[in-house]
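K.L.:
Sharing a structure, written as structure tokens. Questions coming.
Shown next as structure tokens:
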């Protein structure tokens, strides 16, 4: 793999896990490590702050319309 391709992969922080139980096979340890690492990455992704968006309230408070020209009264004959 070239360094260019390595940069495209997400950087993984080292995970320090300690299993308190005994008798785990290497496959079970690898599976548990993979699941916990994926859960930590998902949690870190979800924790990122979304960009500030205008609220529906602020969008609905647009500026006032310009007044009408007044031609609507021309239908009345003085």
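Numbering (UniProt numbering), first residue to last: 1 to 78. Just so it is clear, CB atoms sit at the ideal spot from N, CA and C, and this is done for glycine as well.
Check whether the Cβ atoms of residue 32 and residue 19 lie closer than 9 Å to each other.
P.N.:
Working through the chain shown from its first residue, we reach residue 32 at position 32. Working through the chain shown from its first residue, we reach residue 19 at position 19. Contact: yes.
K.L.:
What three-state label does DSSP hand residue 29 in the structure shown?
P.N.:
As a first step, residue 29 is located in the chain shown; it is residue number 29 there, counting from the start. In the structure shown, residue 29 sits in a helix (DSSP, three-state: H, G or I).
K.L.:
Can you give me the C-alpha to C-alpha distance between residue 41 and residue 16, rounded to a whole angstrom?
P.N.:
Here residue 41 refers to the residue found at position 41 when the chain shown is read from its first residue. Here residue 16 refers to the residue found at position 16 when the chain shown is read from its first residue. Whole-angstrom Cα-Cα distance: 14 Å.
K.L.:
For residue 24 and residue 37, what's the separation of their Cα atoms in angstroms?
P.N.:
Within the chain shown, numbered from 1, the residue matching residue 24 stands at position 24. Within the chain shown, numbered from 1, the residue matching residue 37 stands at position 37. Going by the C-alpha atoms only, they are around 18 Å apart.
K.L.:
Quick one: Cα of residue 62 to Cα of residue 56, how far?
P.N.:
Counting from one through the chain shown, the residue named residue 62 turns up at place 62. Counting from one through the chain shown, the residue named residue 56 turns up at place 56. For residue 62 and residue 56, the distance between alpha carbons rounds to 11 Å.
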